[in-house]
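Residue numbers (this note's numbering): 724 to 910.
Note that CB positions come from ideal geometry on N, CA and C, so glycine has one too.
From a predicted model like this one, the values you see are computed outputs, not experimental measurements.
Taking it in order: structure first as structure tokens, then the write-up.
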């Protein structure tokens with residue numbers, strides 16, 4: 724679990740800093756978010772194949788819509804798509820690759836671990852999207868991020884429902900308790 728936390732910290736750090744790519748902070752955020760949404764989709768796809776629990780299938784399908792929405796921004800701006808034709812589980816960002824591998828390893832241990840992985844991914848997504856929304860971004864990017872945020876909040880609630888059925892109460896690992904409670908109390 725310690726390795727997962729180190730990977731989480733790296734993802735959060737990388738997600739909030741401009742890369743030495745010559746892109747603007749907004750463009751870097753879009754490129755990063757494309758791969759982060761792919762990570763969620765890929766993990767949920769694999770976990771559905773392992774556990775045959777519909778929450779993973781349903782949310783993987785939603786994550787595909789998220790990756791498509793970010794891809795539309797990439798196309799509009801004329802950026803290079805970091806995902807390209809990459810297969811499931813293949814990432815250009817080495818930290819996302821490491822995180823994917825660790826999440827799959829954890830999620831393969833038990834259904835409860837798999838649901839915890841889902842909660843963790845959504846917490847990371849929410850934190851990263853909120854960080855990107857706090858920056859200077861165009862209105863089209865803001866609209867896409869706001870939609871992604873609403874989706875991630877819904878996914879968090881769905882995974883929490885599964886977790887509570889399996890193990891009882893959950894304590895957030897990335898989000899503050901107040902922010903987590905705000906999200907899960909909204910319907």
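Counting along the chain, residue 778 sits inside the alpha helix (DSSP H) bounded by residues 777-800. DSSP places residue 901 inside the alpha helix (DSSP H), whose first and last residues are 900-908.
Membership of residue 753 in the alpha helix (DSSP H) is indicated by the continuous run 748-774. From the listed residues 809, 861 and 834, the smallest Cα separation to residue 885 is found for 834. Taking the CA atoms as reference points, residue 778 sits about 12 Å from residue 766. The C-beta separation of residue 868 from residue 856 comes to about 5 Å, placing the pair in contact by the 8 Å criterion. By the Cβ criterion, the segment 770-789 is in contact with the segment 872-882, since at least three pairs of Cβ atoms, one from each stretch, lie closer than 8 Å.
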